[in-house]
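Following our numbering, the numbering of the sequence shown begins with 61 at its first residue and continues without gaps.
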Amino acid sequence: MDRPIGIFDSGVGGLTVLHEVMSRLPFEDLIYFGDTARVPYGIKSAETVTRYSVEIADFLLAKKIKMLIVACNTASSVALPDLAARCDIPVIGVLVPGAKAAVKYSAVRKIGVIGTEATIGSSAYVKAIHGIDAGVEVYTKACPLFVPLAEEGWADHRLTILVAMEYLKDFQNTGIDTLVLGCTHYPILKSAIQEVVGKEVRLVDSAEETAQEVERMLVLKGNPRIGNPHPVRKFYVTDSPDRFRKVGECFLKHPLTNVERAVI
Ligand code: DGL
């Protein structure tokens, strides 16, 4: 039987990952879960984020998914081992694909990582990068204000540039040539971030890298979906679907229909 892929995030941000998955794997049936009632995860403890993540995984497992994508960087940073232990299907987070790509791209072996407070505080990206190449210098910075700026749709607003200048000045004398966008929302602000760090710094979009990993894993497991001209895309949220629809369309770059409120 052809089963859907489950994907979750703390809210709308994971739609940047869903967008990449839909572009790369257009025939897959997908169930997206956004925990909009409990967002943001980025300022919460690892214990709380893990508890929320496990609840969502159980909801999606009951829908008979064939793979679980943890689109949220914060959840990927703190909850992945617990999720992997609980699920008998492949569990893919956004962290390792992003770390792998960064190590591959960085010629000078100096990498910057930006993310939420919880992601940066967990050091999960640093550990993942050092797990691949212990000699890489890693510089990190939490950029919490990027999340509301992205949700406001202020991708090119001068305030976003100012905030980016303030946060990213820490990277100025580090010599990094690669910067990991370690949060679901940051791809929305890509052009402002690129403008501030300069063209010579390559931005790693974890969303793109994760979609590639999902495809690789499906091929490996022998269960990619083919010949499904009308794939089902179903969305569950824990708060009102209205704001999710409104903000989410700019993240997904696609109309958002089939959104239902879920109780977990
Ligand atoms: N989805 C979160 C992440 O990627 C950002 C928003 C939040 O703090 O919940 O880390």
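Beta carbons are placed, not taken as given, at the ideal position from N, Cα and C, and that holds for glycine.
Between the segment 155-162 and the segment 182-196, the count of Cβ pairs shorter than 8 Å is three or higher; the stretches touch. The closest CA to that of K123, considering only I67, R305, V307, is found on I67.
Judged by DSSP secondary structure, I65 falls within the beta strand (DSSP E) whose first and last residues are 65-69. Within the segment 123-165, the alpha helix (DSSP H) runs of at least 4 residues that lie entirely inside it are, in chain order, 133-138, 140-146, 155-165.
If you draw a straight line from the Cα of E115 to the Cα of I324, it is about 7 Å long. In this structure I253 does not touch K170 by the C-beta definition: roughly 17 Å separates them, more than the 8 Å allowed. Nearest C-alpha to T179 among V77, G242, E88, V292: G242. Our two residues, V256 and E212, have alpha carbons roughly 20 Å apart in a direct line. Counting C-beta atoms within 10 angstroms of its own C-beta, I189 has 16 or more neighbours from the protein chains shown and is therefore classed as buried.
In this structure, D118 sits away from D89, with a CB-CB distance that is not shorter than 8 Å. In the three-state reduction of the DSSP assignment, G308 falls in the helix class.
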